[in-house]
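**Student:** Take this structure first; my questions come after.
2 protein chains.
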Amino acid sequence: MSERDAPPGDPDPLRKLSALLSRLPGIGEKSALRLALSIVRADPEYKAVLAETIDTVRTTMRSCEICRDLSHAARCGICSDARRDRATICVVAHPQDRMAIERSGVFRGLYHVLHGVLDPLAGVGPAELQINTLLERLRDDTVTEVIVATSPNVEGDATALYISKIVSPLGVRVTRIASGLAVGGELEYADLSTLHRALEDRRPL
Amino acid sequence: MSERDAPPGDPDPLRKLSALLSRLPGIGEKSALRLALSIVRADPEYKAVLAETIDTVRTTMRSCEICRDLSHAARCGICSDARRDRATICVVAHPQDRMAIERSGVFRGLYHVLHGVLDPLAGVGPAELQINTLLERLRDDTVTEVIVATSPNVEGDATALYISKIVSPLGVRVTRIASGLAVGGELEYADLSTLHRALEDRRPL
Numbered sequence: 002m003s004e005r006d007a008p009p010g011d012p013d014p015l016r017k018l019s020a021l022l023s024r025l026p027g028i029g030e031k032s033a034l035r036l037a038l039s040i041v042r043a044d045p046e047y048k049a050v051l052a053e054t055i056d057t058v059r060t061t062m063r064s065c066e067i068c069r070d071l072s073h074a075a076r077c078g079i080c081s082d083a084r085r086d087r088a089t090i091c092v093v094a095h096p097q098d099r100m101a102i103e104r105s106g107v108f109r110g111l112y113h114v115l116h117g118v119l120d121p122l123a124g125v126g127p128a129e130l131q132i133n134t135l136l137e138r139l140r141d142d143t144v145t146e147v148i149v150a151t152s153p154n155v156e157g158d159a160t161a162l163y164i165s166k167i168v169s170p171l172g173v174r175v176t177r178i179a180s181g182l183a184v185g186g187e188l189e190y191a192d193l194s195t196l197h198r199a200l201e202d203r204r205p206l
Numbered sequence: 002m003s004e005r006d007a008p009p010g011d012p013d014p015l016r017k018l019s020a021l022l023s024r025l026p027g028i029g030e031k032s033a034l035r036l037a038l039s040i041v042r043a044d045p046e047y048k049a050v051l052a053e054t055i056d057t058v059r060t061t062m063r064s065c066e067i068c069r070d071l072s073h074a075a076r077c078g079i080c081s082d083a084r085r086d087r088a089t090i091c092v093v094a095h096p097q098d099r100m101a102i103e104r105s106g107v108f109r110g111l112y113h114v115l116h117g118v119l120d121p122l123a124g125v126g127p128a129e130l131q132i133n134t135l136l137e138r139l140r141d142d143t144v145t146e147v148i149v150a151t152s153p154n155v156e157g158d159a160t161a162l163y164i165s166k167i168v169s170p171l172g173v174r175v176t177r178i179a180s181g182l183a184v185g186g187e188l189e190y191a192d193l194s195t196l197h198r199a200l201e202d203r204r205p206l
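Residue numbers (my numbering), protein chains in the order written: chain A, 2 to 206; chain B, 2 to 206.
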């Protein structure tokens, strides 16, 4: 074994990278290896920027002090934007839900990110969610409406109901995003629960 | 806008990380965002090690000077292992194929990684693969057998045939890994090509 050989016991960085990636949720061993190989094969410039960006994420990303969304400043871009309507708060479960609504461009108010939904079987109660911080935001009389935009499933509906019960007594209007047939979808392919909800929530024309 | 707000035009590191990850092959925009969010949510220690490992990969990973496999030293662990049988070379298309064979623990010889297979339609000819470096390794008389372990599909078979044609005249035995029914599989569910190959390559009992 010459001086240029791999020293024994030296951890292979490819294997180490693959093991690190496989610890991310939803990434199995094979996906982790494929990802690690893609990164190894990428040009050096890409690898330098990727490592640097992860380090920036580590040092700068935190929770917005108002809406609890992920942010790289004390206040996120939306909460610090004076043009947003401060009377309406849209409550979502996860940062990616906030992103989806923001992409639609329909909503001009502020957000509040719960970071989960009520799920007693998984041990997630109100204390595990950003619900107290939501109540704090309703203390002055700026906010007049809270729109609950959790997903229309058992946990999302239960979370919406819970929020409605504790927010309504404060004199703030609580609404829920509509459920029903997807626009452009075919009625005959809609699942039973969606059809049920679409009929129940019918509105006058 | 106070001093603690996000400065305008400051690129959001989450968005930047997501954009970088979406450039990896096989990672769409949604997977990239999910991955980026997982990394953002991971503990700081994880992020520090991940960034550091990518940087180690960038500075240390190269091609083994003998077998052309990915390596973090001039010679990979297998090529520098004196206990491996130096008379047999197993030729594979990709580093992950080498890993799969190595995991099986059956093979004790050396490897050669082509980094692809012949694919004229995609512009991949012999010059694009590590074939010349394979021929160089056969110059002295150490190697007596080359096992071609490319996948049993059109490109893999064509590559095996090509290697056989240029290596056989050097007096080195060229063999091909067997194709046929997967061990533990059901004959009735085997596809036609596999069944065809399994019958053609039948051997005496």
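C-beta atoms are modelled at their ideal positions from N, C-alpha and C, and glycine is treated no differently.
#1: Would you give the residue range spanned by the beta strand (DSSP E) that HIS113/A belongs to?
#2: Using a threshold of 7 Å, is the CB atom of ASP202/A nearer than that to any non-hydrogen atom of the ligand SAM?
#3: What in chain B is Cβ-close to ILE40/A, meaning under 8 Å?
#4: How would you label ARG203/A, buried or exposed, when you count the other beta carbons within 10 angstroms and need 16 or more for buried?
#5: Can you tell me whether ARG203/B is helix, strand or coil according to DSSP?
#6: So what does DSSP say about ARG87/A, is it helix, strand or coil?
#7: CB VAL149/B to CB VAL92/B, shorter than 8 Å?
#8: Please go through the same chain and pick out, in chain order, the residues whose beta-carbon is closer than 6 Å to the beta-carbon of THR143/B, but skip the five residues on each side of it.
#9: Closest by CA to MET1/B, which one among LEU15/A, LEU193/A and PRO205/A?
#10: Check whether the Cβ atoms of LEU22/A and LEU38/A lie closer than 8 Å to each other.
#11: Among ARG76/A, ILE55/A, ARG59/A and ASP56/A, which residue has its Cα nearest to the Cα of CYS65/A?
#12: If LEU119/A sits next to GLY126/A, beta carbons under 8 Å apart, how far is it from one beta carbon to the other, in whole angstroms?
#13: At the level of alpha carbons, what is the spacing between ILE90/A and ILE28/A?
#14: Could you tell me which chain A residues have their CB closer than 8 Å to the CB of ASP13/B, listed as they occur along the chain?
#15: Extract the residue ranges of the alpha helix (DSSP H) inside the region 9-94 of chain A, only unbroken runs of 4 or more that lie entirely within it.
#16: What are the start and end residues of the beta strand (DSSP E) that includes VAL147/A?
#17: I'd like to know whether the C-beta of THR61/A is nearer than 8 Å to at least one C-beta of chain B.
#18: Grab me the residues of THR134/A's own chain with a C-beta within less than 7 Å of its C-beta, minus the 5 sequence neighbours each way, in chain order.
#19: Under 8 Å between beta-carbons, which chain B residues line up against VAL211/A? List them in chain order, please.
#20: Assuming contact is defined by CB atoms lying nearer than 8 Å, are LEU111/B and ARG140/B in contact in what I supplied?
#21: If LYS17/B and THR61/A are in contact, beta carbons under 8 Å, what's the gap, nearest whole angstrom?
#22: Going by beta carbon distance, what residues of the same chain come within less than 6 Å of ILE178/B, once the five residues before and after it are set aside?
#23: Along chain A, in chain order, which residues have C-beta atoms closer than 7 Å to that of LEU18/B?
#24: When the cut-off is 8 Å and only beta carbons count, does GLN97/B lie next to chain A?
#25: If you draw a straight line from the alpha carbon of GLU4/B to that of GLY181/A, how long is it in whole angstroms?
#26: Tell me the rounded alpha-carbon separation between ARG63/B and LEU71/B.
#27: Going by DSSP in three states, VAL168/A sits in which element: helix, strand or coil?
#28: For ARG203/A, decide whether its Cβ has a neighbour in chain B, counting only Cβ atoms nearer than 8 Å.
#29: Can you tell me the Cβ-Cβ gap for LYS48/B and VAL58/A, rounded? I've got them flagged as a contact below 8 Å.
#30: Whole angstroms are fine: how far does the CA of ILE67/A sit from the CA of ALA74/A?
#31: Hey, is LEU1/B's beta-carbon within less than 8 Å of any beta-carbon in chain A?
#32: For the putative contact between GLU146/B and VAL173/B, defined by C-beta atoms under 8 Å, what is the C-beta separation to the nearest angstrom?
**Tutor:** Let's see:
#1: Element bounds for HIS113/A: 111-114.
#2: Within the structure as shown, the ligand SAM is missing, as the structure has no ligands at all.
#3: LEU25, ILE55 and VAL58, listed in chain order.
#4: Exposure of ARG203/A is indicated by the presence of fewer than 16 other C-beta atoms within 10 angstroms of its C-beta.
#5: Under the three-state reduction of DSSP, ARG203/B is assigned to coil, being neither helix nor strand.
#6: The answer is coil: DSSP assigns ARG87/A none of H, G, I, E or B.
#7: It is a contact, given that the beta carbons lie within the stated cut-off.
#8: Around THR143/B: ARG87.
#9: Chain B is shown only over 2 to 206; residue 1/B falls outside these bounds and no answer can be derived.
#10: Not a contact, by the Cβ cut-off of 8 Å.
#11: When the alpha-carbon of CYS65/A is set against those of ARG76/A, ILE55/A, ARG59/A and ASP56/A, the nearest one is in ARG76/A.
#12: Yes, LEU119/A and GLY126/A are in contact; Cβ-Cβ is about 7 Å, under 8 Å.
#13: Straight through space, the alpha carbons of ILE28/A and ILE90/A are spaced by roughly 34 Å.
#14: Against ASP13/B, the close residues of chain A are HIS73 and GLY78, in the order they occur along the chain (beta-carbon pairs closer than 8 Å).
#15: If we require 4 residues or more, the alpha helix (DSSP H) runs fully inside the region 9-94 of chain A come out as 14-22, 30-42 and 45-61.
#16: Where VAL147/A is concerned, the enclosing beta strand (DSSP E) starts and stops at 146-149.
#17: It does; some Cβ of chain B falls within 8 Å.
#18: So the qualifying residues of the chain are ARG69.
#19: Absent from the structure is residue 211/A, since the part of chain A shown begins at 2 and ends at 206.
#20: The answer is no: Cβ separation not under 8 Å.
#21: In fact, because the Cβ distance is near 11 Å, the residues do not count as touching under 8 Å.
#22: Around ILE178/B: ALA150.
#23: Under the 7 Å cutoff, chain A gives THR54, ILE55 and VAL58.
#24: It does: the Cβ of GLN97/B has a partner Cβ on chain A nearer than 8 Å.
#25: Model confidence at GLU4/B stands at a pLDDT of 40, short of 50, so the residue's coordinates are unreliable and nothing is read from them.
#26: When rounded, the separation of the alpha-carbon atoms in ARG63/B and LEU71/B is 6 Å.
#27: Annotated three-state conformation of VAL168/A is helix, per DSSP.
#28: It does not; no Cβ of chain B falls within 8 Å.
#29: Right, their Cβ atoms sit about 6 Å apart.
#30: Near 11 Å, if we compare the C-alpha coordinates of ILE67/A and ALA74/A.
#31: Outside the modelled stretch of chain B, which goes from 2 to 206, sits residue 1/B, for which no answer is possible.
#32: Here GLU146/B really is in contact with VAL173/B; their C-beta atoms are around 7 Å apart, less than 8 Å.
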